[in-house]
């Protein structure tokens with residue numbers, strides 16, 4: 001069974017949504033890949049909250065709930081082959097100055113105090129044909 005971590009991430013005050021996305025995609029993710037190598041997750045999916053960045057408070061495009069429910073700017077889903085895979089990833093992040101590199105980079109664009117994360121249990125996915133999709137699309141285990 002895969003092991004999945006879901007992170008809720010917010011941009012640092014003063015950082016535009018566009019700059020947040022650009023830094024995350026072009027600097028932070030490549031940095032993580034370089035640090036952990038083969039222990040990178042099977043998939044690392046980033047979902048950005050749909051916001052109107054032209055308005056002063058960048059309101060979210062809320063379907064159900066209120067603006068206050070969506071104080072974060074991105075939802076990241078990291079899928080590992082197993083808990084053991086996650087543990088290897090975590091150890092690589094902690095080792096040989098990697099934690100400092102990661103933390104210093106996050107300080108440039110992310111509000112570290114607002115970061116939240118949770119591990120998920122069983123995951124199910126259904127394709128549009130009605131069949132179970134599972135995790136066959138994220139890579140080999």
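In UniProt numbering, the protein residues as written are 1 to 141.
Even glycine gets a Cβ: it sits at the ideal position worked out from N, Cα and C.
Nothing here was measured: the structure is a model prediction, and the numbers come from that model.
Residue i (DSSP reduced to helix, strand or coil)
i           : result
residue 15  : coil
residue 138 : Residue confidence for residue 138 is low, a pLDDT of 49 falling below 50, so the modelled location carries little weight; the figure read from the coordinates is stated next. It is coil, neither helix nor strand.
residue 143 : One cannot answer for residue 143 here, as it falls past the ends of the chain, which runs 1 to 141.
residue 116 : strand
residue 124 : coil
residue 8   : strand
residue 60  : strand
Beta carbon of residue i nearer than 8 Å to that of residue j
i           : j          : result
residue 59  : residue 69 : no
residue 20  : residue 32 : no
residue 29  : residue 93 : no
residue 126 : residue 2  : no
Candidates the options: closest to residue i by CA position
i           : options         : result
residue 107 : 9, 2, 4, 123    : 9
residue 42  : 75, 15, 82      : 82
residue 115 : 75, 54, 50, 49  : 75
residue 17  : 30, 34, 125, 50 : 50
residue 57  : 73, 79, 63, 65  : 73
Nonlocal neighbours in the same chain, by C-beta distance under 8 Å from residue i, ignoring five residues either side
i           : result
residue 120 : 4, 5, 6
Cut-off 6 Å between Cβ atoms - residues of its own chain near residue i, not counting five sequence neighbours on either side
i          : result
residue 45 : 77
residue 86 : 3, 80
First through last residue of the beta strand (DSSP E) which encompasses residue i
i          : result
residue 76 : 74 to 80
residue 46 : 43 to 48
Boundaries of the alpha helix (DSSP H) in which residue i is found, first to last residue
i           : result
residue 103 : 98 to 109
residue 84  : 83 to 94
Residues of its chain near residue i, where Cβ-Cβ distance is below 7 Å and the 5 sequence neighbours each way are ignored
i           : result
residue 140 : Residue placement at residue 140 cannot be trusted, given a pLDDT of 46 that sits under 50; what the coordinates show is reported in the next sentence. Hits under 7 Å: none found.
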